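Note sheet for the following structure.
2 protein chains.
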Amino acid sequence: MRNLIIASTSTLHQGDYLDYLLPELKNHFASTETIVFIPYARPGGISHDAYTEKARQAFNTIGKKIIGLHEFTNPIEGIQKAEGIFTGGGNTFLLVSELYRTKVIDALEEKLKTGTPYLGTSAGSNICGLTMGTTNDMPIVYPPSFRTLGMVPFNINPHYLDPDTNSTHMGETRETRINEFHQFNPQPVIGLREGSWLNVKGDKIILKGNLKARWFTTNRPAIEVDPETEINTLLT
Amino acid sequence: MRNLIIASTSTLHQGDYLDYLLPELKNHFASTETIVFIPYARPGGISHDAYTEKARQAFNTIGKKIIGLHEFTNPIEGIQKAEGIFTGGGNTFLLVSELYRTKVIDALEEKLKTGTPYLGTSAGSNICGLTMGTTNDMPIVYPPSFRTLGMVPFNINPHYLDPDTNSTHMGETRETRINEFHQFNPQPVIGLREGSWLNVKGDKIILKGNLKARWFTTNRPAIEVDPETEINTLLT
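Chains as they are written, first to last, in the numbering used here: chain A, 1 to 236; chain H, 1001 to 1236.
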């Protein structure tokens, strides 16, 4: 039993923090009064307090109370007793390092397997895959492992970006990077465009939002996947 | 004594591989007949042979012979006996993993300290910094450390990209990422735009090419640095 929303981004262009997802979140966290927020990814290096406040304000509009995981003396216990959990975006290397350092990673994996409602955005979505090997982030700290929660049997690439055909910049495209990943790793990768999310309920994994997603495997060219597709059907 | 060219990119938009650098390289490798090429970064996952062939063709036009490091039975010896060394771009995580796996990393550091002429492009430049923590690449493999050669007393960000003010994409800008890096790491970072390179001769580090570079430190806002600046003057 799993019950997750795995979102590409927290914020759409010209939108406010989480606003496009709030109707969905109201439903997702319907039976949850309090949500534990994991602020470890610290976007732009902001403090745990400041980041938690941002999440608090957004969830306040749908009547949910937010507690920052850093506010618990024992963060493992904070996870174990949580009614709902939200991991915000930022830097995935930092997030994963902190999840290992605090030993929250195993508690989180166990907890999510019991069906506790979870929301991840960006880095918080990345960690739902088998590894963090398809993050877009800069390796600002060295985590003890790239292994992540494995809540879905593939890897996530959030903020998926199509090649800019007008660009004169010679850095690799996202698709090139993911193809490089597949030279060394067997698992499929889903590129989630901004505004897309995966709805994981039990064994079902459904693509949500208005946009298509891009699905990469080792042995075939990448394909476009329509909204409402059950991603498990691609795994055979 | 160090003698390095640390280039942002191998290839300019609408240019051929290394062509913009060839006049400089002819001079840099003037006393060198044979150059050992380190193909470990494997851009796009191409083979060591295919990548070495690409370097061979470019250096052939200035009369230099290329040998791939993978062609040596003992790659450490290959480095120790090299007259000149070139590390090509690709994936920095893969490059650093292979440098550690083959134990070439220490031999390379020792060798470059003796003044052997070196060229790095992109990932091959990244490794000249203190750590690989400011690479733009995807973490497709897990290296045993992010520590790199430390040929300059700061970190390199190749392919430095200015914020795209027209973009609707919500991923972080390069500047945001480097500022995040500075929340956890003390060393300065130089953002080298495509077409720029550092010329390291002994203790002197000069910015070359037509473009300015961007210099990031922990305690002041980033500044623009003119070509021909001696980078050591920024370190005080």
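Positions of the beta carbon are idealized from the N, C-alpha and C atoms, including for glycine. Small disclaimer: the values here were computed from a predicted structure and weren't measured.
- When DSSP states are grouped into helix, strand and coil, Phe1216/H belongs to the strand group.
- Residue burial annotation: Gln1187/H is buried, with at least 16 other C-beta atoms found within 10 angstroms of its C-beta.
- According to the DSSP secondary-structure assignment, Gly120/A is paired through a beta bridge with Ile6/A and Thr87/A.
- Cβ contact annotation for Gly1084/H (same chain, cutoff 6 Å, sequence separation greater than five): Phe1029, Thr1032, Ile1035 and Pro1117, in chain order.
- Between the alpha carbons of Pro227/A and Leu112/A lies a distance of about 24 Å.
- Looking at the backbone, the Cα of Gly1089/H and that of Asn1179/H are separated by about 24 Å.
- 8 Å or more divides the Cβ of Leu21/A from the Cβ of Met151/A.
- Collapsing the DSSP output to three states places Gly68/A in a strand.
- Under DSSP, Asn1199/H takes part in a beta bridge, and its partners are Ile1005/H and Ile1206/H.
- The three-state reading of DSSP puts Ile46/A in coil, since its state is none of H, G, I, E or B.
- Counting other Cβ atoms within 10 Å of its Cβ, Met132/A reaches 16 or more and is therefore classed as buried.
- Interface flag for Arg101/A against chain H is unset, since no Cβ pair is found closer than 8 Å.
- Bridge partners of Ile35/A according to DSSP: Ile66/A.
- Scanning chain A for C-beta atoms nearer than 7 Å to the C-beta of Met1151/H yields nothing, as the closest lies near 19 Å away.
- Taking 7 Å as the cut-off between beta carbons, the residues of the segment 1157 to 1191 of chain H near chain A are His1159, Leu1161, Thr1168, His1169, Met1170, Gly1171, Thr1176, Arg1177, Asn1179, Glu1180, Phe1181, Gln1183, Phe1184 and Asn1185, in sequence order.
- At the C-beta level, Ser1196/H and Ser1010/H stay beyond 8 Å of one another.
- Shown here for Leu234/A: same chain residues with a beta carbon closer than 6 Å to its own, the five before and five after excluded, namely Trp215 in chain order.
- Just so you know, the alpha carbons of Gly1124/H and Ile1046/H end up roughly 16 Å apart.
- Secondary-structure assignment with DSSP links Glu1224/H through a beta bridge to Arg1214/H.
- The beta carbon of Pro1139/H sits closer than 8 Å to some beta carbon of chain A.
- Taking the Cα positions, Glu24/A is about 19 Å away from Asp203/A.
- Secondary structure of Val1189/H (DSSP, three-state): strand.
- Of all residues in the segment 1087 to 1120 of chain H, only Asn1091 come within less than 7 Å of chain A when Cβ atoms are compared, listed by chain position.
- Using a Cβ-Cβ cut-off of 9 Å, Phe1146/H is close to Pro139, Val141 and Tyr142 of chain A, given in chain order.
- Here DSSP, grouped into helix, strand and coil, assigns Asn136/A to coil.
- Contact check for Tyr142/A against Gly191/A fails: the beta carbons are separated by 8 Å or more.
- The continuous beta strand (DSSP E) containing Ile156/A extends over residues Asn155 to Asn157.
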